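Residue numbers (this note's numbering), protein chains in the order written: chain A, 339 to 515; chain H, 339 to 515; chain P, 339 to 515; chain Y, 2 to 436; chain W, 2 to 436; chain F, 2 to 436.
Every residue, glycine too, gets a C-beta built ideally from N, C-alpha and C.
Model, not experiment: these values are computed from the prediction.
Have a look at the structure below before the remarks.
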Amino acid sequence: MSQDRDSALDRLLLEAEVERFLSAEAELLDERRFDDWLALLHDDLHYWMPIARNVRFNQPELEYTREGAEANWFDEGKDTLKKRVLQIQGGDHWAEEPRSRTTHLVANVRVESVEGNDITVKSRFIVCGFRLEHDVDLFIGKRVDVLRREQGALKVLRRSIYLDQSVLLSRNLTTFF
Amino acid sequence: MSQDRDSALDRLLLEAEVERFLSAEAELLDERRFDDWLALLHDDLHYWMPIARNVRFNQPELEYTREGAEANWFDEGKDTLKKRVLQIQGGDHWAEEPRSRTTHLVANVRVESVEGNDITVKSRFIVCGFRLEHDVDLFIGKRVDVLRREQGALKVLRRSIYLDQSVLLSRNLTTFF
Amino acid sequence: MSQDRDSALDRLLLEAEVERFLSAEAELLDERRFDDWLALLHDDLHYWMPIARNVRFNQPELEYTREGAEANWFDEGKDTLKKRVLQIQGGDHWAEEPRSRTTHLVANVRVESVEGNDITVKSRFIVCGFRLEHDVDLFIGKRVDVLRREQGALKVLRRSIYLDQSVLLSRNLTTFF
Amino acid sequence: MQLADLIDTEAGTLSRASFASEEIFRRELERVFARGWNFVGHTSQLPKNGDFFLSRCGTETVIVSRDEKGAINVLLNSCRHRGMPACRYDSGNGNGFICSYHGWSYGLDGALTGVPKFKERYQGKLEREKWGLVRARVTEFYGSIWASFDETAPSFEDYLGPDMQFYLRALLQGPDGEDDGYEVIGGIVKWQVACNWKFGAENFAGDHYHGYSHISVERLSVGLSGKTSRHNFAGVKVKQQPTFLADPARGHTIRASVFAALAPYDDQEAASAEVNDYYRQCHEKRQQRLGDKSRLLIRGGVIFPNTHFNSAGRTTIGLWLPLSAGRTEVWRWLFVPRNAPAAVKDTLREYYLRYAGPAGMVEQDDMENWTAAQRGAESLVSRRYPFNYQLAMGLERRSRPDEWLGKDVTITEDVTEHNQRAFYAHWARLVADES
Amino acid sequence: MQLADLIDTEAGTLSRASFASEEIFRRELERVFARGWNFVGHTSQLPKNGDFFLSRCGTETVIVSRDEKGAINVLLNSCRHRGMPACRYDSGNGNGFICSYHGWSYGLDGALTGVPKFKERYQGKLEREKWGLVRARVTEFYGSIWASFDETAPSFEDYLGPDMQFYLRALLQGPDGEDDGYEVIGGIVKWQVACNWKFGAENFAGDHYHGYSHISVERLSVGLSGKTSRHNFAGVKVKQQPTFLADPARGHTIRASVFAALAPYDDQEAASAEVNDYYRQCHEKRQQRLGDKSRLLIRGGVIFPNTHFNSAGRTTIGLWLPLSAGRTEVWRWLFVPRNAPAAVKDTLREYYLRYAGPAGMVEQDDMENWTAAQRGAESLVSRRYPFNYQLAMGLERRSRPDEWLGKDVTITEDVTEHNQRAFYAHWARLVADES
Amino acid sequence: MQLADLIDTEAGTLSRASFASEEIFRRELERVFARGWNFVGHTSQLPKNGDFFLSRCGTETVIVSRDEKGAINVLLNSCRHRGMPACRYDSGNGNGFICSYHGWSYGLDGALTGVPKFKERYQGKLEREKWGLVRARVTEFYGSIWASFDETAPSFEDYLGPDMQFYLRALLQGPDGEDDGYEVIGGIVKWQVACNWKFGAENFAGDHYHGYSHISVERLSVGLSGKTSRHNFAGVKVKQQPTFLADPARGHTIRASVFAALAPYDDQEAASAEVNDYYRQCHEKRQQRLGDKSRLLIRGGVIFPNTHFNSAGRTTIGLWLPLSAGRTEVWRWLFVPRNAPAAVKDTLREYYLRYAGPAGMVEQDDMENWTAAQRGAESLVSRRYPFNYQLAMGLERRSRPDEWLGKDVTITEDVTEHNQRAFYAHWARLVADES
Ligand code: FES
Ligand code: FES
Ligand code: FES
Ligand SMILES: [Fe+3]
Ligand SMILES: [Fe+3]
Ligand SMILES: [Fe+3]
C-alpha cells in the first residue's frame with residue numbers, strides 16, 4: 339500500500355522532472371540561449387521531422403517519409419544543429435536577421451516508458467514565430483523524445499517531430515522544435 | 339500537519355492521474371486508435387457542443403444553445419459516436435479519406451470537484467487538423483468533463499465542449515474533441 | 339535522502355499550487371468573473387506588456403520597449419485594470435458589447451525562483467478571442483509573473499507579458515492576459 | 002468567355018467559369034440576388050411584440066422584428082448616418098435599436114426616432130422620414146417570412162408562381178397536413194464552405210445521382226429511429242415514384258415522391274411506440290385533410306436562387322449565402338411539428354444533428370466533395386472543360402401522373418439532372434441579361 | 002457609380018463606395034497619397050549623425066536618416082537592383098545600409114556607395130549616381146519631418162497654406178508656448194484595423210458628434226490625473242468655444258478651442274502638485290509669449306490626407322496607412338514636452354496608454370465602430386445609400402471671432418460635420434481628377 | 002504600363018510590375034504556362050504498372066500513371082462530370098480512379114470506364130470517349146517525364162531545341178556519364194513562398210552574383226562531406242570556367258563549368274573513403290564515355306518557364322508553381338545516382354536536406370530575400386523604378402570555347418546577368434504577344 343504510494347510518488351517526481359526539463363528547454367530557445375540549448379542535446383542525438391503524405395486509409399505506414407531513407411524536413415545529428423546555431427548567431431543569416439521572436443509551447447507531456455536510463459516522452463507542441471513587421475508562422479504538431487539520463491542530468495537522445503502539414507505553408511523552418 | 343501533507347499529496351496524485359488520462363486520450367485520437375478511444379467513454383456518456391450566440395451582456399444564459407432542447411453542434415451519446423468512428427474506419431467517408439492529420443492539445447487541466455466516483459475536470463483545448471495539401475482547421479475552446487471511476491478505471495461520463503465560434507469557419511467537424 | 343525526497347515533494351506541491359492558481363485565474367477570465375479575478379491581483383500589481391521592435395542581433399536590449407519609460411501596450415497598475423473591468427461590465431463598452439468569447443490557455447508553467455514570499459513563475463500563453471459572427475483574434479506569447487503569498491493566499495504582484503507581434507495585427511486588446 | 006455562352010442547353014453543359022469567375026459572381030449579386038425574394042425566418046421566432054433577430058438577405062444583414070402593432074419588419078441592418086449596424090445581437094426583445102457610433106435611434110419598424118442634437122445642430126432640417134433604416138418588402142407565407150429589396154420585383158406570390166405556391170404550402174404543412182404546422186428549434190446553424198454557392202443549390206435542387214458520396218453512411222442507420230437507413234418518409238407499402246419538378250420560367254425546383262395509391266401507415270417508426278403512434282395519427286389526419294393529394298410528399302427543393310429546403314420526415318430551410326465566387330456561408334433553420342409530443346421533437350432534433358451540417362454524417366461528405374470540385378472549376382486549364390448535366394436529358398415531359406401536380410412545371414420521374422438544367426437555364430438568363 | 006457623383010455637396014452626402022471600392026482605392030493611392038506630403042517622424046528621433054529609423058510615406062516604407070553632415074534624408078527603402086529593403090531594422094545607428102541580397106551598399110543619404118564586381122563585371126559602366134535609393138523631398142517644420150515623392154507637388158509650406166502653418170506651428174509649441182517644444186517617447190505604436198483609412202481621418206478631422214461611442218469611459222475618469230474625465234485642456238475658468246476650421250482649397254482640418262478671454266490657470270491638475278505647478282508655469286509663460294493668441298488651443302486635426310494629430314494636453318501624431326479599401330495600418334507617435342519634469346512626462350505617458358490605441362479605453366470603441374461601419378459600406382444593397390454629413394450644414398462662415406484665426410479657412414463653432422465636408426470635397430476633387 | 006514596355010533590353014532593365022501586377026500574372030498563366038512543357042516527374046517513381054502519383058503542370062493538378070500496357074499517362078485530375086479530383090492520394094497503385102462525388106470511374110489512361118445509370122438514365126447516349134479525364138501530351142526524356150496541355154505547342158524536343166537537349170541529357174547522366182543515371186528519393190519536398198515565381202526562376206537561371214546572401218553559410222562547411230564548403234563538383238585540379246548559356250529563342254538557361262583540360266580525380270571527397278572511391282571511379286568512367294565533352298559540368302538551369310534544376314554533385318529538379326503574383330508553391334524532387342552504394346546515397350540525401358528547401362541553411366536566405374524583394378515590387382512608388390539587370394551586359398558572345406557547347410546559345414563566361422536577360426526577353430515576348 340504505502341509502497342504503492344511511494345512508487346506512485348516516484349512516478350510523479352519523474353514526470354515533474356521531465357516537464358521541467360522540456361519547459362526549461364523551450365525557454366532557452368525563446369531566449370535564444372542556443373549554446374545552453376545545445377548542452378541539453380546528447381552527442382548522439384538524432385533529430386527527425388518527416389514530410390507528411392496523403393495516403394489511403396489502409397496504408398498508414400506510408401503517411402510519413404522514412405527516417406534515414408527518404409526526404410525529410412530534418413533528419414540529422416547534433417553536428418548539423420550546431421551549424422544551424424552558429425549560422426543564426428553570426429548575425430548575417432538573413433532569414434533570422436533581424437531575429438524572429440518565438441514562443442515554444444509544450445503540452446500533453448506524457449512519460450510513455452522508462453528503460454534503464456532512457457525515458458520515452460510524448461508531447462504536443464505549438465511553436466509561434468513572429469518576424470519583421472507582419473510575418474507570422476504557426477507550427478503545431480506532435481513530438482516523441484527519448485531522454486537519456488547521464489551523470490544525473492537528462493539529455494535529448496532522440497527527437498521525432500510530426501508537423502502534419504503536407505505542403506509546408508511557410509517559407510522557412512529556421513526555428514528549432 | 340503531516341495529515342494535511344498526505345491529503346495534499348493525494349490531491350496531487352489524483353490530478354496527475356486525470357492529466358495522464360486526458361493526454362492519453364488525446365494521443366489515441368491523434369493516432370486514430372478510435373476503438374481504444376471509445377473504450378475510454380462511459381456507456382452513458384453525453385457528448386455536447388453547443389452553438390454560441392451573440393447576446394446582450396445581461397443575458398449570458400442565452401449565449402450557448404441548450405443541451406437536449408436546441409440546435410447544437412453535438413448533443414449525443416456513445417452510440418452515435420460509435421457510428422462516427424465506424425464511418426471513418428470504412429475508408430469511404432470522403433470527408434476523412436484521405437485521413438486528416440490531427441493534433442489534440444489539452445491544457446489548464448483543473449480538478450473542479452470530486453463527488454463519490456465522479457470527478458469534474460475543466461480544461462482548455464486546441465485541436466488542429468490538416469488534410470490534403472493545404473487545408474487547415476484550428477479549433478480552440480474550453481471543456482468540462484465528468485470522469486467516473488469504475489473498477490478503478492476512469493471513463494468519460496459527460497463532456498461539454500465550448501467552441502466559441504458563432505458562425506463555424508470550417509466546413510466540417512469530422513474530428514473528436 | 340528521505341529529506342531530499344521531502345524537499346522534492348515540497349517543490350512538487352508548490353508547482354501544483356502555482357499551476358492551479360494560474361488555471362483558476364484563466365477560468366475566471368473566460369467566465370467573465372472579473373471581480374473575482376481582480377481579487378487575485380495584489381494592490382501593488384504592475385501589469386506590463388511591451389511593444390516589440392526589430393533590432394540588430396547584437397542589440398537585444400532594444401527589442402522590447404522599456405517599462406515606465408517608453409510606449410508599451412500596457413504599463414499600469416491595478417487601479418487602471420479596475421477601470422477596464424468596470425468599462426466592460428457596464429454593457430456599453432462597444433468593443434466588448436456583445437462580449438467576446440475567450441479561451442485563455444497557459445502552458446510551460448515553470449517556477450523560476452522563490453524568494454521569501456515571492457514566487458517568480460514563467461509561462462507561455464495562448465489567448466483566443468471570438469466576437470460577433472466572424473471576428474477571431476489569436477494572441478500567443480510569454481509571461482513572467484511574480485506571485486506573492488500573503489495570509490497563505492497567492493496574489494499577482496508583477497506580470498510581464500511578451501506578445502512578440504511588432505505591428506499588432508488586431509484592432510483591439512480588450513482582453514486581459 | 003461570352004456570358005451568353007455560359008450554358009449550352011442543347012448539349013446539357015455549363016461553363017466552369019460560372020463557379021469561379023469573380024466577374025460572373027459580381028453579376029450574380031446584382032442580377033440574381035439583389036432581384037429575388039429570400040427566406041429570412043419564421044414567425045415562430047417572433048412570438049412577442051418587440052422580438053427581433055438578425056438574418057441575411059443574400060449579401061445583406063437584416064433585422065427581422067415584430068413591432069408594437071405586431072407587424073413583421075425586415076430592415077437593412079445599417080445605420081443611415083455612417084453605416085454602422087444598428088443591431089449587433091443575434092436576437093432579443095426591445096423597443097428599438099440605438100446605433101453605438103453617434104447614437105441615432107430607430108424604432109422596431111426602422112423609423113428614425115432619435116437624433117442627438119436634432120434641433121440645435123440639424124436645426125430640425127434633417128428629413129428623418131427619409132433616413133430611417135431601409136425597409137425590405139416583406140411577405141408572410143404560411144409562417145415563413147420572405148423579403149426583397151427590389152421594388153421592381155413581382156409580388157412574392159407571382160415570384161413563386163402558382164405551382165410553387167402549392168408545393169411550398171405543402172412543405173410547410175405539418176405531418177398531419179395542417180397548414181403552418183411547424184416551429185423553429187432554437188439555434189440557427191451557421192457555417193462556411195470554400196465552394197461556390199451553386200454547388201449547394203444544385204444539390205438541393207435535385208441531385209439523387211450522388212449516392213456514391215454517401216456510401217459510408219448507408220452502412221450506419223442514421224435514420225430517424227437511429228435503426229433505419231438515412232431517409233425516412235411517411236411510409237406506406239405502395240410504390241413511391243421519385244419525381245422532379247421544375248418551374249422553368251422562374252427557376253424553382255422540387256424533389257418529391259408520388260405514391261401510387263392511398264395506403265395505410267406501415268409502422269416504419271416502430272422503434273419508438275410514441276413516435277410511431279404520432280406518425281400514424283398524422284398519416285391518417287393528413288389523408289383525411291388532403292385526400293388524393295396526400296399522395297404527394299415533398300422531399301426538398303430550392304426557391305430560386307438560394308433558399309433551399311429538405312423535408313420528407315425532417316423539415317429544414319436554409320440559405321446559401323454568397324461571400325465570394327469560392328466561398329459560401331450556410332444558414333440552416335431546423336423545424337419540428339408545432340403540435341408533436343416532446344419525444345417526437347427530440348427524436349427529430351437528434352436526427353438532424355447527426356445528419357446535417359458540419360457535424361452531420363451525411364452532409365460532411367457533400368461539403369468535402371463540393372470544396373474539392375470548386376478547385377476543378379478554378380484552375381486555368383480544367384476550367385476550359387464544361388460541367389456535364391446530361392443525365393436523363395430528353396426524358397422530362399409536360400404530361401404528368403396527376404394534373405394537380407402543376408400547370409407550369411416540367412417533370413421528370415426517377416433520377417435526373419432535369420432540375421439542375423432548369424435552375425441553370427434560368428440563372429444564365431438573368432446573368433446574361435443586360436437590362 | 003460615376004466618380005463625379007461620389008459626393009453631393011448640396012445634399013451633404015457621400016457615396017459608401019468611397020470606403021469599399023477597390024477601384025476608388027487604387028485611384029486614391031495614385032491621386033491622393035502619391036501626391037501629398039506625409040509626416041514621417043520627428044527630429045528628436047535622430048539625435049546623432051548616423052541615426053536612422055524606418056517609417057511610412059503613404060504606401061511606401063522609407064528610411065529616415067541623419068547623415069554625416071547632419072542633414073535629414075528620407076529614402077525609399079527598396080534596393081534599386083532587385084527591390085530588396087536596404088534596411089530591415091526599425092531603428093539604429095550606422096554609416097549606411099547593405100542590401101542582403103547581392104550586397105549593394107548605400108550611404109545614409111541613399112547614394113550607391115558600393116557595388117560588388119563594379120569594375121570587373123559592370124566594367125565601371127553602371128551609372129551609380131542614377132541608381133541610389135530614391136530620395137524623397139524633405140522638409141523640417143518646427144521639429145516635425147515631412148516627405149513627398151511627388152516632384153510636381155508644391156513646397157510643403159504651400160501645401161500647408163498660411164493658416165495651417167500657423168496651426169501646425171501652434172500644435173508643436175510646448176505647453177509654455179515655446180516653438181518645437183516636444184520630443185518623441187521611445188516606441189512607435191503600430192496596429193491594424195479592418196476599415197477604410199478615411200473612418201480614422203474623418204474622426205480626427207472633427208467628429209465631436211460621436212460622444213455616444215464613449216459613454217462607457219465617461220464614467221471612469223481616465224483623464225490626465227486619473228481622477229478627471231477623459232479630456233483635459235489648459236484649464237481656465239472662462240468659456241471655451243469649440244471651433245472647427247477647414248482649409249477648403251487644401252483639405253486640411255483643425256479642431257480647436259477658443260477661450261473668451263485671457264485668464265489665470267485654474268489648477269485643474271491639482272491631483273498632483275508637481276504636475277499642476279508645471280502646467281501653471283507653462284500657462285503663464287504661454288500667455289506672455291503668445292498674448293491674445295494664447296486663447297487658441299489646438300485640439301487636433303488632419304493634415305490632408307492621412308496625417309492626424311491630437312493635442313489639448315496630450316500630443317500625438319499619427320498616420321492612417323492604407324493597406325486596402327477595407328484595411329488600414331495605424332502608426333502613432335507619442336510626444337511629451339521636451340523640458341517637462343519626469344513626473345509630467347510619466348503622467349502623460351500613462352494617460353496616452355490608457356486612452357489611445359488598441360489598449361486605449363477610449364479609442365477601442367472607435368475602432369470597434371469603424372470596423373463594423375466598414376461592413377455597411379461594403380455590402381451590395383446597403384452601399385446604395387450614401388452616408389449623411391448634414392450636421393450643422395449651412396452654419397459654417399468665413400467671418401470669425403478673431404481675424405488672426407485664419408484667412409483661407411471656413412469656420413464652424415460648436416459640434417458640426419463641417420470639417421468632414423471640407424475634407425471629402427477636396428478628396429473627391431482629387432479622386433475624380435483625370436489629369 | 003504598356004505590356005510592350007515591361008522590358009528595356011537596351012538599358013537592361015525590367016519593370017517591377019512584372020512581379021506584382023495581377024493582370025500580368027493572368028497573362029503569364031495563359032501565354033507562358035498554358036503553352037509550355039512542364040517537368041511532372043521521373044520514371045523511377047513508377048516502377049510497376051498501376052503506379053501513380055499526383056503532380057502539377059503549371060496551375061493544374063495532374064495524375065501521372067503507368068497503365069496496364071506500361072505506358073505513362075499525364076491526366077488532368079478533374080472529373081469531367083463536376084470537376085471533382087478523380088484522385089486524392091499523393092501516390093499509390095491501382096487499376097484506376099473513382100470519383101467520390103457521383104462515382105464516375107476512370108482507367109489509368111483516363112478513359113471513362115464506369116458511369117452509374119449509364120444505360121437506364123443516360124440511355125447509353127453519353128459519349129464516354131469524349132468525357133474521359135483530359136490527357137496531356139507526354140514525352141519521356143532520359144527518365145524524366147514532361148507534359149503539355151497545349152495541342153499547338155511544338156514537340157518537347159523542338160521546345161527544348163538541340164542545345165538544351167544536349168544539356169538536359171547531360172544533367173540526367175549519372176556521375177559516371179551513363180544516360181538516365183538517376184532515381185528519385187521518396188518524398189517530394191513541397192512548400193510555399195510569398196513572392197513571385199520569377200524570383201526563383203531568375204535565381205536558378207544563373208545568379209552567381211548573390212553570394213552576399215549566403216555569407217553566413219560559407220563559414221560552416223555544409224558541403225557534401227560536411228567538412229567542405231557548400232558547393233562541390235567532380236573535382237579536378239585544372240581551372241574550371243563558370244559559363245552561362247542561354248537559348249534566346251526559347252528562354253532556356255544553363256549554368257555550367259567548363260574545365261580547361263581532362264584531368265585525374267583529386268580526391269575531394271577524401272572525408273569518406275567509400276564516397277571518394279565511388280566518385281573516382283565515376284570520374285574515370287565518365288571521361289572514357291564522354292571524352293572531351295566530359296569537361297562540361299552542368300551546374301543548373303531553367304527549362305523555360307518554371308522547371309528548375311541544380312546539379313554539380315547534387316541533382317534536384319523542381320517547379321516554381323504560380324499561385325498568385327505574390328505567392329508561389331515550390332516542389333522539389335531529389336535524385337541520387339541509380340547505381341551508387343548506399344553510403345553515397347545517404348551522404349547526398351543529408352547534403353540536400355541541410356542545403357535546400359525551407360530547412361536548408363543555404364536556400365533559407367534566398368527565400369527570405371525574395372519575399373522581402375517582392376514587397377519592393379508591389380508598393381505604389383517603388384514599383385515605378387525598374388529592376389537592374391546590367392551585370393556583364395555586352396560581354397555575352399556567340400563564339401565559344403568549344404563548338405560542341407552549342408549552336409543556338411549565347412554564352413557569357415564568369416558572373417553575369419546574361420541568363421536573366423535572355424529569360425526575361427523571351428518571357429516579355431510571350432506576355433506581350435496578342436495572338
Ligand atoms: S453611424 Fe449610426 S449614428 Fe452615426
Ligand atoms: S537586390 Fe539589393 S543588391 Fe541585389
Ligand atoms: S463529379 Fe465526378 S462523378 Fe460527379
Ligand atoms: Fe448529399
Ligand atoms: Fe472617439
Ligand atoms: Fe542562393
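W/Ser22 counts as buried, since at least 16 other C-beta atoms from the protein chains shown sit within 10 angstroms of its C-beta. Using a Cβ-Cβ cut-off of 8 Å, W/Arg122 counts as an interface residue toward chain F, since at least one Cβ of chain F sits closer than that to its own. DSSP places W/His419 within a helical segment (H, G or I) once states are collapsed to three.
Relative to ligand 4, the nearest heavy atom lies less than 7 Å away from the CB of Y/Ser214.
Remark: the C-beta of F/Tyr356 is outside contact range of ligand 2, defined as less than 7 Å to any heavy atom. Under the Cβ criterion (8 Å, minimum of three pairs), the segment 206-216 of chain F counts as touching the segment 100-114 of chain W. Linking A/Leu492 to H/Asp374 through their CA atoms gives a straight-line distance of about 32 Å. Residue environment for P/Gly406: exposed (fewer than 16 other C-beta atoms within 10 angstroms of its C-beta).
For P/Ser345, the enclosing alpha helix (DSSP H) stretches over residues Ser340 to Asp368. Counting only residues whose CB is nearer than 5 Å to a non-hydrogen atom of ligand 1, the list in chain order is Y/Cys80, Y/His82, Y/Arg83, Y/Met85, Y/Cys100, Y/Tyr102, Y/His103 and Y/Trp105.
Going by DSSP, P/Trp411 is part of the beta strand (DSSP E) stretching over Asn410 to Gly415.
Rounded to the nearest angstrom, the Cβ distance from F/Thr317 to F/Phe305 is 18 Å, too far for a contact under 8 Å. Straight-line spacing of the CA atoms in Y/Ala326 and Y/Trp371 works out to 13 Å. Just so you know, the alpha carbons of H/Arg371 and H/Val423 end up roughly 10 Å apart. A straight line joining the alpha-carbon of W/Glu270 with that of W/Val237 spans about 12 Å. Here W/Asp91 is buried, its C-beta having at least 16 other C-beta atoms within 10 Å.
Straight across, the Cα-Cα distance linking F/Gly407 with F/Ile255 is about 11 Å. With contacts defined by Cβ atoms closer than 8 Å, Y/His209 and Y/Val416 form a contacting pair. Using a cutoff of 7 Å, the CB of Y/Asn204 counts as near ligand 4, since one of the ligand's heavy atoms is closer than that.
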